[in-house]
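Start counting the sequence shown at 76; every next residue gets the next number (our numbering).
Cβ coordinates follow ideal geometry from the N, Cα and C atoms, glycine included.
Computed from a predicted model, the values in this text were never measured in an experiment.
The structure appears right after this line, and notes come after that.
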Amino acid sequence: MSRVALVTGGSRGIGRGIVLSLAHAGHDVVVNYAGNVDAAKEVVAEVESLGRRALPVQADVSVAEDRARLLDETWAAFGRLDLLVSNAGVAPKVRADILEADEESFDRVIGINLKGPYFLIQSAANRLIAQPSDEAGTRPKIVIISSNSAYTASTNRGDYCVSKAGLAMTTQLFAARLAEHGINVYEIRPGIIATDMTDAVTAKYDDLIFHKGIQPIRRWGRPDDVGRAVVAIATDLFPHSTGQVIDVDGGFHMKTL
Ligand code: NAP
C-alpha cells in the first residue's frame, strides 16, 4: 500500500519541493493550495508523471470549514493519512516596523501561519489517533514547517516572527501529547530558500549570503533541501525522536566568531 501525505501550500515553493520529494519516495500526495489553481494543477501533473496519485484541494488553512473539508476530501480519496506536512504560510503584505505595524496584518499572518495550522493539526491528530497502523506497524507523522524566524528577530515583520515562534511551541505541545499514540511530530526550520516568498528580497539576501557571510554554507537553500529532510522523516529514519527541530538553513543557526 502506498503511503499518503498531505502537504498544505503544496502547490508552490517549499511545499512543491516537499510534494515532489515525497512523490519520488513513493508517496501519493494531497496538494493543498489557497487560490492559484494553475500552480496546483502543474504540480499534480508532475506527481502523476512519477506514477503516483495526487489530489489537488483548494482550502484556506485559516478557515475552519476549509480545514474540515480538506481532511474530509483526503480521507474520501485515500482512506488514510501517513504524513501531514503543515507548510502553508505567508509573509506580511508590507514589511512594517513593529512600532507602526497594524492589527489587520497581525490577524492575517497569525490566522494563516499559526491558528490555522494549530487547529488543522488538532483535527488531523484526532483522526490519526483512531487510524489503525499500516501493515508494517508504522504510525503517522506530523511535520511543521516553521522558520529561522522562530528565534530570529526581524523588527520589520514582527507578526511573522511571532507566528513562527508559536509554531515552535505547537510542535512541542503536539509532540508531547501524541507520543502515547505513536505519532511523532517534527519541526523543520528553513533558512533562506529561493521561492516566490523571497523573490522580492533577492538582492538583500544575496548580500547577506555571499558578502556578509551570515551562513557558513554560501548558497541559497532550495525547496528540495527541505523536501529531502521531510522524506527522511516520512521514511522512518527518526523513529525515536519527537518534538525535534531540524534546521535546513546552511548553518545559519550557529553563532560563529
Ligand atoms: P510561497 O512560495 O509563497 O508558497 C506558499 C504556498 O502556500 C502556496 O502553495 C500557496 O498557495 C499556499 N498558501 C498561502 N496561503 C495559504 C492559505 N491561507 N491556505 C492554504 N495554502 C496557502 O512560500 P514558501 O516560501 O514556499 O513558504 C512555505 C513555508 O515555508 C511558509 O510557511 C514560510 O513561512 C516558510 N518559510 C519560507 C522560507 C523561505 O525562505 N522561502 C524560509 C523559512 C520558512 P497559492 O499559490 O494558491 O496561494
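Assigned with DSSP and collapsed to three states, Leu125 falls in coil, not helix or strand. DSSP, read as helix, strand or coil, puts Leu159 in strand. Excluding the 5 residues flanking it on each side, Thr273 has same chain C-beta neighbours closer than 7 Å at Ile267, Tyr280, in chain order.
Of the heavy atoms belonging to ligand 1, at least one sits nearer than 7 Å to the Cβ of Gly88.
In the same chain as Arg170, and ignoring 5 residues on each side of it, the C-beta atoms closer than 6 Å to its own belong to Asn231, Arg232, in chain order. Shortest gap from the CB of Ala275 to any heavy atom of ligand 1: 7 Å or more. When DSSP reads this structure, Leu332 sits in no beta bridge, so it has no partner. Gly302 is a Cβ neighbour of Leu95, given a cutoff of 8 Å.
Looking from the CA of Tyr235, the closest CA among Arg183, Ile89, Ile196, Ala275 belongs to Arg183.
When distances are taken from the beta-carbon of Ile196 to the heavy atoms of ligand 1, even the shortest one reaches 7 Å or more. Counting only runs of 3 or more residues that sit fully inside the stretch 165-248, the beta strand (DSSP E) segments are 216-220, in chain order.
Bounds of the alpha helix (DSSP H) holding Leu145 are 139-153. In the DSSP assignment, Ile258 falls outside any alpha helix (DSSP H) and carries neither an H nor an E. Where Ala80 is concerned, the enclosing beta strand (DSSP E) starts and stops at 78-82.
Between Ile263 and Ala205, the gap from beta carbon to beta carbon reaches 8 Å or more.
Residue range 319-323 is occupied by the beta strand (DSSP E) that includes Ile321.
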